[in-house]
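Residue numbers (this note's numbering): 10 to 481. Following: one structure in structure tokens, then a few remarks.
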Ligand code: GDG
């Protein structure tokens, strides 16, 4: 029986030391939940970095054992790997390039070598577990060279690749000196998935122009096989968000927080600290709203949750300082003894509290400058069990292609965002319900489990089609 191996840079766990011993704690992200239906079955396994640098061989052995019990296997990264492969090439070259922030791109050959080396380390770790006809599903931009490395070692394996972040236009991709190796790396897969049709189109165009491989209707013709490329918009665990919003715990939290807020309208924003999320631009728009509409003073607050992320990288440190400054400026200018315009939290919250924030807020303001998908906006809609609330969503988020009943905005158009907030604050309840209901219907249907099934079905289909073509 062949098995399925899931591979991602980070395993869905975090490590902590308890009584001098390492212990893994599962992290319940959307991807982990969706893929849980796969890696927890039979002989299947998830391979990746557990998120902490561990050099001591005895401690590594402890971790291997603990993860083995959770159907996972670690790839251990050194501090140098973390700095050069993860913070370096992945987050200072690929991430800015793929999100169209070319001014932050670093071109460092040592980082590239580390990227190559760590992709090889992943390949070796997989080869220790894989049989020739296994299915291997590789995730995301940190591992773009891996499909080709695996293909060379396991020519008959079924290999899928999914990219969670945008794929840029050819004009951006070609700025990266190692673009050809990157594209050839990904093309080791049988099926290559993106969140949106546009990402897929950019990828196919870059493959044609840089590698010379031609394609038709989403099929690339490689030397001795075909490769399918398509869009697979990722969903959320809809049932989990709905259930939590209905739970006694969350309902009690909502009642308690609402009492503290009085009749203030609440605008919610939640992001990881990242320049792609458009956090300063959003604060500028909120500032403008308060300038334009004095009648809203004391009546509307913005609750801004920023989850710490990559704060060792210079551009992220600077972004954090910019946000701190802007929040300080708005609050010092407008706050009163019983009104704080921006309620700012630089930390993450437990799931039940997150659910309460989604449930109780009148507006979710999700305005990334660029986002592969964006799950926060989907989670907000799923948590609206009373079917009121307004989602304001950036056209630059992959999710905007599906959520056409949101109030869509261009995040660079400050006045447009101000107008959208004003429109949302004044939207009749019936219209809010109509929009939320329609978005809920599609999010419930296209959830993360369906996403996994569709991708895996297509992967099997592509492999069968290849076998058919080679037997002719
Ligand atoms: C990448 C792509 C793509 C946030 N704050 C808290 C918390 N969160 C959770 C949310 C959500 C997740 O973090 C953020 O997911 P996003 O999709 O919005 O953004 P990225 O992290 O940038 O993800 C993105 C995604 O991959 C999937 O393919 O959509 O485009 O950039 O699930 O709920 N969770 C908890 N407390 C918090 O305070 N518990």
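Every residue, glycine too, gets a C-beta built ideally from N, C-alpha and C.
Between ligand 1 and residue 384, a heavy atom-to-CB distance of less than 6 Å is present. Looking at the DSSP output, residue 311 shares a beta bridge with 276, 351. Burial is judged here by how many other beta carbons sit within 10 angstroms of a residue's own beta carbon; residue 148 has at least 16 and is buried. For residue 244, the closest of 185, 150, 382, 73 by C-alpha to C-alpha distance is 382. For residue 269, the enclosing alpha helix (DSSP H) starts and ends at 257-270.
DSSP places residue 125 inside the alpha helix (DSSP H), whose first and last residues are 118-136.
DSSP links residue 228 through a beta bridge to 225, 237. Leaving aside the five residues that flank residue 323 on each side, none in its chain has a CB nearer than 8 Å to its CB.
Shown here, residue 19 sits in a strand according to DSSP, grouped into three states.
Burial is judged here by how many other beta carbons sit within 10 angstroms of a residue's own beta carbon; residue 48 has at least 16 and is buried. Inter-segment contact for the stretch 158-176 and the stretch 201-219 is present: three or more beta-carbon pairs are separated by less than 8 Å. Pairwise C-beta distances place the stretch 138-147 out of contact with the stretch 109-118, as fewer than three of them are shorter than 8 Å. Here the C-alpha atom of residue 97 lies approximately 43 Å from the C-alpha atom of residue 446. Counting only residues of its own chain and dropping the five nearest sequence neighbours on each side, residue 469 has no CB closer than 7 Å to any other CB.
Scanning the stretch 154-227 from its first residue to its last, the whole alpha helix (DSSP H) runs of 4-plus residues come out as 155-162, 179-182, 188-195, 206-215.
If you look at residue 448, you'll find it in the alpha helix (DSSP H) that goes 438-454. Straight-line spacing of the CA atoms in residue 365 and residue 409 works out to 24 Å. Taking a C-beta distance under 7 Å as the contact criterion, residue 59 and residue 41 do not qualify as a contact pair. Apart from the 5 residues on each side of it in sequence, residue 177 sits with its Cβ closer than 7 Å to the Cβ of 106, 107, 109, 211 in its chain, given in chain order.
Rounded to whole angstroms, the separation of the alpha carbons of residue 418 and residue 292 is 15 Å. For the stretch 381-417, the continuous alpha helix (DSSP H) assignments of 4+ residues that do not extend past its boundaries occur at 385-391, in sequence order. The stretch 15-33 makes contact with the stretch 52-70, as at least three CB pairs between them are under 8 Å. Proximity to residue 220 across 254, 258, 179, 345 peaks at 179, based on C-alpha coordinates. A straight line joining the alpha-carbon of residue 449 with that of residue 89 spans about 45 Å.
If you draw a straight line from the Cα of residue 460 to the Cα of residue 184, it comes to about 32 Å. Under DSSP, residue 244 forms no beta bridge with any residue. The Cβ atoms of residue 57 and residue 19 lie closer than 7 Å to each other. Annotation for residue 160 indicates a beta carbon at 6 Å or more from all heavy atoms of ligand 1. Taking the Cα positions, residue 335 is about 19 Å away from residue 430. For residue 338, the CB stays at least 6 Å from every heavy atom of ligand 1.
The closest heavy atom of ligand 1 lies less than 6 Å from the beta carbon of residue 174. Not one heavy atom of ligand 1 sits closer than 6 Å to the Cβ of residue 244. For residue 424, there is no enclosing beta strand (DSSP E); the enclosing alpha helix (DSSP H) has its first and last residue at 423-434.
By the Cβ rule, the stretch 262-270 counts as touching the stretch 362-378, because three or more pairs are nearer than 8 Å. Sorting 342, 393, 159 by C-alpha distance to the C-alpha of residue 372 places 393 at the top. The beta carbon of residue 471 lies closer than 6 Å to those of 199, 200, 237 in the same chain, with the five residues before and after it left out.
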